[in-house]
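Down below is the structure, laid out as structure tokens.
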Amino acid sequence: YVVRLRLEADGCPNFIFDTVVVDTPVTTKLPADTFICFRDTFVISSETFGGVKPYKYIWSTGDTLSTITKSPLTTTQYILTVFDSFLCITKDTFILTVKPLPLPNLGLDKRICDYDSVQFTPGEYISYLWNTGKTTPSITVKDSAWYSVLVTDSFNCKNSDTVNLFVNRKPNPDAGRNDTICINNST
1 YVVRLRLEAD GCPNFIFDTV VVDTPVTTKL PADTFICFRD TFVISSETFG
51 GVKPYKYIWS TGDTLSTITK SPLTTTQYIL TVFDSFLCIT KDTFILTVKP
101 LPLPNLGLDK RICDYDSVQF TPGEYISYLW NTGKTTPSIT VKDSAWYSVL
151 VTDSFNCKNS DTVNLFVNRK PNPDAGRNDT ICINNST
């Protein structure tokens, strides 16, 4: 903008012209609110433009960089305040929701007889990966071993459970050689 200032002293007008530049206001933008799985980390990057550089960043967490990495245990709101070099200010808010991990449950360790089998089912999930290589919702097994499953829920959160299966082998009785004895005798 061009500004004209008229000054008058003793009836004599005097004009002063100057140019005033109005900068675009400083603006910061955070990503859309999202979620992570429990124990995951998330990088929150800000995009700042306008105003006059350099910018000063102050997060509600006390961080002072334009990008932060967080691993909250519960849903958390992050507020970013940005100042430009003229101390013009802008703010934005970001909510990071923390989803709980799925809880597959194969039960307690089991003991079965040699001729039996057992079925392990961890619960209902989107996908399954057993240490046997199977990808079915359950497995039926009869061998002594550790069995584990990695499950994925609808939020793509993953967790696992493990169970130990013990198989009691069928006894092989041996009473020795066949003998014939008479009543009132013993061997």
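So the sequence shown is numbered by the numbering used here: it starts at 1 and just counts up by one. We treat Cβ as the ideally placed atom computed from N, Cα and C, and that holds for glycine. Predicted, not measured: the structure shown is a model, and the values here were computed from it.
| Item | Value |
| --- | --- |
| To the nearest angstrom, report how far apart Val26 and Thr76 are at their CA atoms. | 25 Å |
| Take the Cβ of Ile1 as the centre, count every other Cβ of all protein chains shown within 10 Å, and call the residue buried at 16 or more, exposed below. | It is worth fixing the name first, because residue 1 is Tyr in this sequence and not Ile. Classification for Tyr1: exposed. |
| State buried or exposed for Asp179, treating a residue as buried only when at least 16 other CB atoms are found within 10 Å of its CB. | exposed |
| If we call anything under 8 Å between Cβ atoms a contact, is Ser45 one with Leu80? | no |
| For the segment 51-121, list the beta strand (DSSP E) runs that are entirely contained and at least 3 residues long, ordered along the chain. | 56-59, 67-70, 76-83, 89-99, 110-113 and 118-120 |
| Which value, in whole angstroms, describes the spacing of the CA atoms of Thr19 and Cys88? | 21 Å |
| Based on Cα-Cα distance, which residue from Pro102, Gly11 and Lys53 lies nearest to Asn156? | Pro102 |
| In angstroms, rounded to a whole number, what distance separates the CA positions of Gly11 and Leu5? | 15 Å |
| For the beta strand (DSSP E) holding Glu8, just list the boundary residues, first then last. | Val2 to Ala9 |
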